[in-house]
Amino acid sequence: IDGQDLRDVTQVAPSLQMGTGQSNSSGTIARIRGIGTGSDNPGFEGAVGIFIDGVYRARAGAALADLPELERVEVLRGPQGTLFGRNTSAGAISVISAGPRFEPGMYIQGDYGFDDLEETGLEAGVNMPVTDSLAFRLDGVVRDRGGYITDIAGGEDVNSSSRWSARGQALWDITPNASLRLILDGAQSDSVCCGATLVNYGTTSALISILTGGGGVTPGGGVPVLDAEARQMSVTPGRGYGETTDEIGFSAQLDWDLGGVNLTSISAVRDWKAVRDQDIDFTSADIAYRDGLEVGIENFTQEIRLQGEVGRLNWLVGAFYADESIDQTDTIRQGSQASLFSNLAVSSACSGSFELFNYCGGGVPSIFQAVLNNPAGPFVGTMTGPELLAANLAILGVNGGSLVPAPAGTGQQADVWNVQTQSISVFTHNEISLSDNLILTLGLRYSDETKDLDANLNAVNPACASLQQMELATIGLLGNNAAAPGFPLGIVRFIEGTSDGATAMA
Numbered sequence: 008i009d010g011q012d013l014r015d016v017t018q019v020a021p022s023l024q025m026g027t028g029q030s031n032s033s034g035t036i037a038r039i040r041g042i043g044t045g046s047d048n049p050g051f052e053g054a055v056g057i058f059i060d061g062v063y064r065a066r067a068g069a070a071l072a073d074l075p076e077l078e079r080v081e082v083l084r085g086p087q088g089t090l091f092g093r094n095t096s097a098g099a100i101s102v103i104s105a106g107p108r109f110e111p112g113m114y115i116q117g118d119y120g121f122d123d124l125e126e127t128g129l130e131a132g133v134n135m136p137v138t139d140s141l142a143f144r145l146d147g148v149v150r151d152r153g154g155y156i157t158d159i160a161g162g163e164d165v166n167s168s169s170r171w172s173a174r175g176q177a178l179w180d181i182t183p184n185a186s187l188r189l190i191l192d193g194a195q196s197d198s199v200c201c202g203a204t205l206v207n208y209g210t211t212s213a214l215i216s217i218l219t220g221g222g223g224v225t226p227g228g229g230v231p232v233l234d235a236e237a238r239q240m241s242v243t244p245g246r247g248y249g250e251t252t253d254e255i256g257f258s259a260q261l262d263w264d265l266g267g268v269n270l271t272s273i274s275a276v277r278d279w280k281a282v283r284d285q286d287i288d289f290t291s292a293d294i295a296y297r298d299g300l301e302v303g304i305e306n307f308t309q310e311i312r313l314q315g316e317v318g319r320l321n322w323l324v325g326a327f328y329a330d331e332s333i334d335q336t337d338t339i340r341q342g343s344q345a346s347l348f349s350n351l352a353v354s355s356a357c358s359g360s361f362e363l364f365n366y367c368g369g370g371v372p373s374i375f376q377a378v379l380n381n382p383a384g385p386f387v388g389t390m391t392g393p394e395l396l397a398a399n400l401a402i403l404g405v406n407g408g409s410l411v412p413a414p415a416g417t418g419q420q421a422d423v424w425n426v427q428t429q430s431i432s433v434f435t436h437n438e439i440s441l442s443d444n445l446i447l448t449l450g451l452r453y454s455d456e457t458k459d460l461d462a463n464l465n466a467v468n469p470a471c472a473s474l475q476q477m478e479l480a481t482i483g484l485l486g487n488n489a490a491a492p493g494f495p496l497g498i499v500r501f502i503e504g505t506s507d508g509a510t511a512m513a
């Protein structure tokens with residue numbers, strides 16, 4: 008297979024699909040025959056299991072390091088819980104790398120792309136036999152590629168990639184019937200990923216134009232027209248799509264022919280970490296951004312299999328244990344223009360008027376206008392739609408505040424999640440040859456899995472409190488008629504609702 012990572016295996020396996028969404032680390036999805044787990048939540052295990060040299064990779068994004076020289080790749084369709092230690096509901100991808108050999112050898116390969124990406128790569132490996140029973144092998148890969156989407160706001164190329172990986176192996180033939188293979192591997196990537204082109208302008212494009220100085224009057228709402236075919240996008244200056252991953256792993260595989268029964272034991276420990284930023288408003292306006300999302304996955308796995316043949320029966324029994332820890336710290340924060348955008352969005356909700364409770368009629372009812380103008384109330388000033396949109400936020404402020412305050416840097420300060428998983432399972436896979444052309448397959452699996460979740464959610468968002476205070480204050484003023492003394496309550500149309508004990512009814 009001539010490929011750089013697992014996504015290239017799709018070229019030779021039509022039933023396999025692998026794609027990347029909003030990030031390489033969390034947004035990579037593997038599908039077999041269209042079935043897969045589509046989520047960037049690291050707590051979700053993939054329906055397609057990925058095994059590299061018999062070791063289960065916790066998530067698809069944790070298996071994207073450069074492929075070393077390969078012996079073979081197997082794509083197994085359908086549930087494979089009776090063949091592998093880790094259960095897979097949609098299928099499995101098994102990658103077997105080339106191991107040490109007992110003859111010296113080496114290889115080196117370099118490449119350079121004469122295009123806008125200017126991709127460069129270097130692969131090298133060496134095989135070193137030490138004795139008749141001990142051999143070592145070293146493989147390394149370094150790659151660098153420019154981005155293929157242009158940010159017209161900052162001029163940076165997005166979706167660039169720079170990465171390296173290294174792998175050291177040792178093979179010891181303990182006896183003629185037993186061998187031990189040790190693998191130590193590590194990888195690191197530093198990329199600007201993952202941007203996408205804009206294919207349609209939404210209803211808020213005029214508001215984005217106001218924030219970015221476009222005026223909101225040109226075609227497309229004043230937002231600079233992005234040419235999708237030219238691979239253009241727009242990123243907030245100072246924000247970005249930086250993403251780094253680091254991983255290291257060690258595995259030991261013992262293969263022992265016990266005389267009619269083959270014993271295989273695979274022990275592995277892995278540590279994988281990813282940190283990424285993201286301009287999540289997908290515009291050049293500074294509305295919202297992800298500031299240093301951190302995901303870490305540590306796991307230990309132990310698998311033991313016994314396999315043999317008796318007459319027409321080819322049998323396999325095995326046991327599997329896994330201990331996994333996932334830590335995630337997420338920070339989704341509001342940008343410097345979040346408050347402006349929120350107020351513009353609220354003020355433009357009605358083309359002819361602005362009213363509380365999302366009531367968009369032909370004009371502001373006098374009772375609501377009285378609430379807005381009451382010096383004792385929460386708002387002062389006329390709040391009709393055209394004036395709001397024309398004057399932007401000038402008439403929205405109350406003592407220098409905003410209708411929907413969203414100061415820069417507020418939002419999710421640090422949402423910390425931890426998932427601890429312990430799993431144990433036993434399985435068996437049996438093939439009975441009923442005839443030369445007919446095989447009966449019988450499999451059984453039992454799994455016991457425990458997951459413990461804890462979370463610490465730390466959010467600072469004044470907008471929520473502001474909207475709640477608006478509702479409470481308005482309901483209170485309407486309820487006691489303090490906004491318009493003498494106005495007969497009997498002919499006032501109230502909106503029924505309950506909030507924190509304050510109730511107003513028609």
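Everything in the sequence shown is counted per the numbering used here, starting at 8 for the first residue and increasing by one. Cβ atoms here follow ideal geometry from the backbone N, Cα and C, with glycine treated the same way. For clarity, every value in this text was computed on a predicted model and none was experimentally measured.
Residue i and residue j closer than 8 Å at C-beta
i      : j      : result
THR338 : GLN420 : yes
ARG170 : ASP197 : yes
LEU214 : MET240 : no
TYR296 : THR243 : yes
GLY299 : VAL282 : yes
PHE348 : ALA415 : no
ILE100 : VAL55  : yes
SER258 : ASP60  : yes
SER33  : PRO21  : no
CYS201 : GLN18  : no
GLY132 : ARG150 : no
ILE446 : GLU438 : yes
TYR248 : VAL199 : yes
CYS103 : ARG79  : Sequence inspection shows Ile at residue 103; the Cys mentioned does not correspond to that position. Yes. Within cutoff.
With 16 other Cβ atoms within 10 Å as the buried cut-off, status of residue i
i      : result
SER454 : exposed
LEU451 : exposed
ASP459 : exposed
PHE121 : exposed
ILE57  : buried
THR290 : buried
THR157 : buried
VAL467 : exposed
MET390 : Reliability of the predicted coordinates at MET390 is poor, the pLDDT of 41 falling under 50, and the value obtained from them is presented with this limitation in mind. Classification for MET390: buried.
VAL317 : exposed
ASN166 : buried
PHE307 : exposed
PHE91  : buried
GLU310 : buried
ALA383 : Its pLDDT being 45, under 50, ALA383 is placed unreliably by the model, and the measurement read from it follows with that caveat. Answer is exposed; the Cβ neighbour count stays below 16.
Opening and closing residue of the alpha helix (DSSP H) in which residue i lies
i      : result
ILE217 : 212 to 218
Where the beta strand (DSSP E) containing residue i begins and where it ends
i      : result
TYR208 : Element bounds for TYR208: n/a, residue is neither H nor E.
ALA185 : 185 to 199
TYR516 : The structure shown does not extend to residue 516, since the chain spans only 8 to 513, so no value can be given for it.
GLY61  : From DSSP, GLY61 is part of no beta strand (DSSP E); its letter is neither H nor E.
GLY147 : 141 to 152
VAL19  : Taken as a continuous stretch (DSSP letters only), VAL19 belongs to no beta strand (DSSP E), as it is neither H nor E.
ALA462 : 445 to 463
GLU310 : 295 to 317
SER432 : 422 to 442
ILE181 : 167 to 182
GLY128 : 127 to 136
PHE257 : 249 to 264
ASP284 : 268 to 285
THR157 : 156 to 158
VAL99  : Just to set this straight, residue 99 is Ala in the shown sequence, not Val. Its beta strand (DSSP E) spans residues 98 to 104.
THR35  : 35 to 39
GLY26  : 23 to 27
Within-8 Å CB hit, residue i to chain B
i     : result
LEU23 : In summary, chain B is missing from the structure at hand, where a single protein chain is found.
Cβ separation of residue i and residue j, assumed to be a contact under 8 Å, to the nearest whole Å
i      : j      : result
VAL66  : ILE304 : Looking at the sequence itself, residue 66 is Arg, so the reference to Val does not match. Contact holds; Cβ gap of about 7 Å.
ASN134 : GLY112 : 5 Å
LEU323 : GLN314 : 5 Å
LEU13  : LEU71  : 6 Å
TRP263 : ALA326 : Contact doesn't hold; Cβ gap of about 16 Å is too wide.
GLN344 : GLY418 : Their Cβ separation, rounded to whole angstroms, is 14 Å, which puts GLN344 and GLY418 out of contact at 8 Å.
ALA194 : SER172 : 4 Å
Problem - Inter-stretch contact (C-beta, 8 Å, three-pair minimum) for the region 177 to 196 and the region 9 to 25 - result: Result no; under three Cβ-Cβ pairs closer than 8 Å.
Exercise for the section: Decide if the region 235 to 250 is in contact with the region 259 to 273; the criterion is three or more beta carbon pairs, one per stretch, under 8 Å apart. Expected result: no
Problem - Cβ pair count under 8 Å reaching 3, the region 88 to 101 against the region 42 to 57 - result: Taking 8 Å as the limit for Cβ pairs, the verdict is that the region 42 to 57 does touch the region 88 to 101.
Problem - Validate contact between the region 132 to 152 and the region 175 to 182 using beta carbons, cut 8 Å, 3 pairs - result: yes
Practice task
Pair every Cβ in the region 62 to 75 with every Cβ in the region 426 to 435, then say whether three or more of these pairs are closer than 8 Å.
Solution key: no
Problem - Three-pair Cβ contact test at 8 Å for the region 103 to 121 versus the region 324 to 335 - result: no
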